[in-house]
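**Student:** Structure incoming, see below.
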Amino acid sequence: MIQEVFKNQFGYTPELSFQAPGRVNLIGEHTDYNQGFVLPMAIEQTTKVSISKNNDQIFRIFSKNTDELVQASAPLAEIDLSTWAKYPLAVIQLLEIGDQGLDIAISSEVPIGAGLSSSAALECSVASAVNELLGLGKTNKELAFLCQKAENTVIGAPTGNMDQLASLFAEKDKAVFIDCQTNDLQLVELGFDQAGLELMVIDTRTSHDLADGDYGNRRNECFSAAQHLGVSSLRQMSIKDLDGIDSLLSEIEFKRVRHVVYENARVLEAVQAINERDFQTLGRLLLLSHKSMRDDFEISTPELDEAVEVAMNSSALGARMTGGGFGGSAIALVKTENKQSVTEAIYKAFEAKGFKTPDIFNVIASAGAHQLQEQA
Ligand code: GLA
48 MIQEVFKNQF
58 GYTPELSFQA
68 PGRVNLIGEH
78 TDYNQGFVLP
88 MAIEQTTKVS
98 ISKNNDQIFR
108 IFSKNTDELV
118 QASAPLAEID
128 LSTWAKYPLA
138 VIQLLEIGDQ
148 GLDIAISSEV
158 PIGAGLSSSA
168 ALECSVASAV
178 NELLGLGKTN
188 KELAFLCQKA
198 ENTVIGAPTG
208 NMDQLASLFA
218 EKDKAVFIDC
228 QTNDLQLVEL
238 GFDQAGLELM
248 VIDTRTSHDL
258 ADGDYGNRRN
268 ECFSAAQHLG
278 VSSLRQMSIK
288 DLDGIDSLLS
298 EIEFKRVRHV
308 VYENARVLEA
318 VQAINERDFQ
328 TLGRLLLLSH
338 KSMRDDFEIS
348 TPELDEAVEV
358 AMNSSALGAR
368 MTGGGFGGSA
378 IALVKTENKQ
388 SVTEAIYKAF
398 EAKGFKTPDI
408 FNVIASAGAH
418 QLQEQA
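Mapping the sequence shown onto my numbering, position 240 (from 1) lands on 287, and the numbers just tick up by one.
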């Protein structure tokens, strides 16, 4: 219980508690910052936060995961970017709460660096909790953009806004279809359970840091391609527009554009397939998405490719890497009765290749950020 963690650390009962989930993205990768379409869902694993005001003009932030207390004086001047506390502190800084001190306890179940948006879960749980505690009156969309800004401007990871919107707006059993041009959201009932399907995550346990340059390079390639094409974003491009544009772009830029354009089309097809309960088609789209990320966007890794290939060879309907890439996790859509055999096949294949033992677990579409009931 997060309230207990808070009480043990600070010696009194917190004023309120929130939780926010991590996410997997079903399809629509590297499309968010290109104003395109994405289809993430929240997972059961969440970050929980208990919080209270203090009168000491100080932020005391305790993490149960690292058993560490980080302190900073209010108002915040510079943020130390070397610890996990940079995420809550960056959010607090942008919420502009001046010299109001806070005591915060945090505990997270979202695996870190696995491409499951542990940082968005942390940002969104803290942002929601502070917003409620201090009555700041910000909407969830405002909080999502603020958390994205914290990533971009304070942390230095030039991400889009998919993860934060998913963490704040998701609902149980539903995916969140987001048009990143208008930021309109629609919930899509998944129906995996009723169809006897499960979504597995294969965390390859290989590193994934969105601030380390590769992610930003892809983003820059997309932006420069859009500039060469004379469009405000790659969202303006359709599949038929791809004909004849290769002369305007470098070979690399053309491949990046091709990925984004087809990926946007695949998201729309995926939403339709889910609505029609056509999970064979959904599976096919997941695999096409993976191939596009492997060959055109070039963000996959040997571990992710292996996870996808083995899942497909052992009866998955579809599989793909999920998230920013360069490591992290793959997802596989499997019939419940085949879950065990797919899992075993992946463990075996990873061992044979000398890869790190992956973490394999299934995820269910879960609720977005919300306040936790008071402790009984
Ligand atoms: C990371 C970013 C998102 C998105 C994905 C790739 O998760 O945080 O904004 O760009 O990568 O789809």
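We treat Cβ as the ideally placed atom computed from N, Cα and C, and that holds for glycine. The structure displayed is predicted, hence computed values, not measured ones.
1. Helix, strand or coil for Ala423? Go by DSSP, reduced to three states.
2. Cβ-heavy atom distance between Asn72 and ligand 1 below 7 Å?
3. Can you have a look at Lys302 and say buried or exposed, based on whether 16 or more other CB atoms are within 10 angstroms of its CB?
4. If we call anything under 8 Å between Cβ atoms a contact, is Asn187 one with Gly148?
5. Note down the Cα distance separating Ala204 from Ser271, rounded to an integer number of angstroms.
6. With distances taken between CB atoms, is the gap from Val85 to Val314 smaller than 8 Å?
7. Which residue wins for smallest C-alpha separation from Phe373, given the options Ile411, Thr60, Gly162, Ser64?
8. Could you check where the alpha helix (DSSP H) with Arg367 kicks off and where it finishes?
9. Please tell me whether, using a cut-off of 7 Å, the distance from the CB of Glu345 to the nearest non-hydrogen atom of ligand 1 is below it.
10. DSSP state of Asn102, grouped into three classes?
11. Going by beta carbon distance, what residues of the same chain come within less than 6 Å of Glu421, once the five residues before and after it are set aside?
12. Sorted by chain position, which residues of the same chain lie with C-beta nearer than 6 Å to Ser280's C-beta, five sequence neighbours on each side aside?
13. Asn178: buried (16+ other C-beta within 10 angstroms of its C-beta) or exposed?
14. Leu128: which of Ile292, Ala197, Gly184 sits nearest, CA to CA?
15. Is it the case that the Cβ atoms of Asp377 and Ala363 are separated by a distance below 8 Å?
16. Give, in chain order, every unbroken run of the beta strand (DSSP E) that is at least 3 residues long and sits entirely within the stretch 289-364.
17. What does the Cβ neighbour count give for Asn311, buried or exposed, with the cut at 16 atoms within 10 Å?
18. Does the Cβ-Cβ distance between Gln140 and Ile126 come in under 8 Å?
19. Check the C-beta distance from Ser165 over to Val173 and give it rounded, since I have them as a contact under 8 Å.
20. Ordered along the chain, which non-local residues of its own chain (more than five positions away) have a Cβ less than 7 Å from that of Leu234?
21. Helix, strand or coil for Arg107 per DSSP?
22. Of all residues in the structure, which have a C-beta closer than 5 Å to any heavy atom of ligand 1, taken in chain order?
23. At the level of alpha carbons, what is the spacing between Ala168 and Lys287?
24. Looking only at its chain, what residues have a beta carbon closer than 7 Å to the beta carbon of Asn331, apart from the 5 residues adjacent to it on each side?
25. Could you round the C-beta distance between Ala89 and Gly375 to whole angstroms and report it? I think they count as a contact, below 8 Å.
26. Should the stretch 233-252 be called in touch with the stretch 319-330, which here means at least 3 C-beta pairs below 8 Å?
27. CA-CA distance, Gly401 and Phe65?
28. So, at 7 Å on beta carbons, what are the nonlocal neighbours of Val278 in its own chain, with the 5 sequence-adjacent residues on each side left out?
29. What span of residues does the alpha helix (DSSP H) with Lys219 cover, start to end?
30. Can you tell which of Thr348, Arg266, Val355, Ser120 has the C-alpha that lies nearest to the C-alpha of Leu335?
31. When we look at the beta-carbon of Leu246 and count the other beta-carbons within 10 Å, is it buried (16 or more) or exposed?
32. Could you tell me which whole beta strand (DSSP E) segments of length 3 or greater appear in the stretch 136-177?
33. Are three or more beta carbon pairs between the stretch 340-347 and the stretch 105-121 nearer than 8 Å?
34. Could you check if Thr60 is buried or exposed, using at least 16 other CB atoms within 10 Å of its CB as the buried criterion?
35. Return the residue from the list Val318, Gln319, Val307 that minimises the CA-CA distance to His337.
36. Tell me which residues share the same chain as Leu123 and place their Cβ nearer than 8 Å to its Cβ, disregarding the 5 neighbours each side in the sequence.
**Tutor:** Looking at the coordinates:
1. Taking the sequence shown and counting its residues from 1, one reaches residue 423 at position 376. Note that Ala423 scores a pLDDT of 42, beneath 50, so its modelled location is shaky and nothing firm can be said.
2. Numbered from 1 along the sequence shown, position 25 holds the residue referred to as residue 72. For Asn72, the CB falls within less than 7 Å of some heavy atom of ligand 1.
3. Position 255 of the sequence shown, counting from 1, holds the residue named residue 302. It counts as buried.
4. In the sequence shown, counting from the first residue as 1, residue 187 sits at position 140. In the sequence shown, counting from the first residue as 1, residue 148 sits at position 101. For the 8 Å CB-CB criterion, Asn187 and Gly148 do not form a contact.
5. Reading the sequence shown from its first residue, position 157 is the one you call residue 204. Reading the sequence shown from its first residue, position 224 is the one you call residue 271. Rounded to the nearest angstrom, the two C-alpha atoms are 18 Å apart.
6. Taking the first residue of the sequence shown as 1, we reach residue 85 at position 38. Taking the first residue of the sequence shown as 1, we reach residue 314 at position 267. Yes; because the gap between Cβ atoms is below 8 Å, this pair is in contact.
7. Here residue 373 is taken as the residue at index 326 of the sequence shown, counted from 1. With respect to the C-alpha of Phe373, the residue from Ile411, Thr60, Gly162, Ser64 having the closest C-alpha is Gly162.
8. Working through the sequence shown from its first residue, we reach residue 367 at position 320. Looking at the DSSP string, Arg367 is not in any alpha helix (DSSP H); the run it does join, the beta strand (DSSP E), is 365-369.
9. Mapped onto the sequence shown, residue 345 falls at position 298. No.
10. On the sequence shown, residue 102 is found 55 positions in, with the first residue counted as 1. Coil, per DSSP.
11. Looking up residue 421 in the sequence shown gives position 374. Closer than 6 Å at Cβ, skipping near neighbours: no residue.
12. Taking the sequence shown and counting its residues from 1, one reaches residue 280 at position 233. Hits under 6 Å: Asn81, Gln82, Ala273.
13. Numbered from 1 along the sequence shown, position 131 holds the residue referred to as residue 178. In the assembly as shown, Asn178 is a buried residue. Its beta-carbon has 16 or more other beta-carbons within 10 Å.
14. Locating residue 128 in the sequence shown gives position 81, counting from the first residue. When Ile292, Ala197, Gly184 are compared, the shortest CA-CA separation from Leu128 is found for Ala197.
15. Stepping through the sequence shown from its first residue, residue 377 is reached at position 330. Stepping through the sequence shown from its first residue, residue 363 is reached at position 316. According to the sequence shown, residue 377 is Ala rather than Asp. No Cβ-Cβ contact shorter than 8 Å links Ala377 with Ala363.
16. You should have found no qualifying run.
17. If you number the sequence shown from 1, residue 311 lands on position 264. Taking every protein chain shown into account, the CB of Asn311 has 16 or more other CB atoms within 10 angstroms, so this residue is buried.
18. The residue you call residue 140 lines up with position 93 of the sequence shown. The residue you call residue 126 lines up with position 79 of the sequence shown. The answer is yes: Cβ separation under 8 Å.
19. On the sequence shown, residue 165 is found 118 positions in, with the first residue counted as 1. On the sequence shown, residue 173 is found 126 positions in, with the first residue counted as 1. About 13 Å; that fails the 8 Å criterion.
20. As a first step, residue 234 is located in the sequence shown; it is residue number 187 there, counting from the start. Beyond the five residues adjoining it in sequence on each side, Leu234 comes within less than 7 Å, by CB distance, of Glu218, Lys221, Val223 in the same chain, given in chain order.
21. The residue labelled residue 107 in the question sits at position 60 within the sequence shown. Strand at Arg107.
22. Those residues, listed in chain order, are Glu76, His77, Asp79, Thr206, Gly207, Met209, Asp210, Gly370, Gly371.
23. Mapped onto the sequence shown, residue 168 falls at position 121. Mapped onto the sequence shown, residue 287 falls at position 240. Straight-line Cα distance between these residues: approximately 38 Å.
24. Working through the sequence shown from its first residue, we reach residue 331 at position 284. One point to set straight first is that residue 331 is Arg, not Asn, in the sequence displayed. The beta carbon of Arg331 lies closer than 7 Å to those of Gly365 in the same chain, with the five residues before and after it left out.
25. Along the sequence shown, read from residue 1 onward, the residue named residue 89 stands at position 42. Along the sequence shown, read from residue 1 onward, the residue named residue 375 stands at position 328. That belief does not hold up - the Cβ atoms of Ala89 and Gly375 are roughly 17 Å apart, past 8 Å.
26. Flag = yes, the stretch 233-252 and the stretch 319-330 touch.
27. On the sequence shown, residue 401 is found 354 positions in, with the first residue counted as 1. On the sequence shown, residue 65 is found 18 positions in, with the first residue counted as 1. Take the alpha-carbon of Gly401 and the one of Phe65: they are about 41 Å apart.
28. Here residue 278 refers to the residue found at position 231 of the sequence shown. Cβ-Cβ distances below 7 Å link Val278 to Met284 in the same chain, with the five nearest sequence neighbours on each side left out; the list follows chain order.
29. Translated into positions along the sequence shown, residue 219 becomes position 172. Segment: none, Lys219 is in no alpha helix (DSSP H) and carries neither H nor E.
30. The sequence position of residue 335 within the sequence shown is 288, counting from 1. Per the Cα distances, Val355.
31. Along the sequence shown, one-based indexing puts residue 246 at 199. The Cβ neighbour count for Leu246, taken over all protein chains shown within 10 Å, is at least 16; the residue is labelled buried.
32. Taking only runs of at least 3 residues, the beta strand (DSSP E) segments lying wholly in the stretch 136-177 are 148-155.
33. As far as the Cβ criterion goes, the stretch 340-347 does not touch the stretch 105-121, which means the pair count is below three.
34. Numbered from its first residue, the sequence shown carries residue 60 at position 13. By the neighbour-count criterion, in which 16 or more other beta carbons inside 10 Å mark a residue as buried, Thr60 falls on the exposed side.
35. Here residue 337 refers to the residue found at position 290 of the sequence shown. When C-alpha distances from His337 are compared across Val318, Gln319, Val307, the shortest belongs to Val307.
36. Numbered from 1 along the sequence shown, position 76 holds the residue referred to as residue 123. If the five residues before and after Leu123 are omitted, its C-beta is found closer than 8 Å to the C-beta atoms of Phe106, Leu136, Ile139, Gln140, all from its own chain and listed in chain order.
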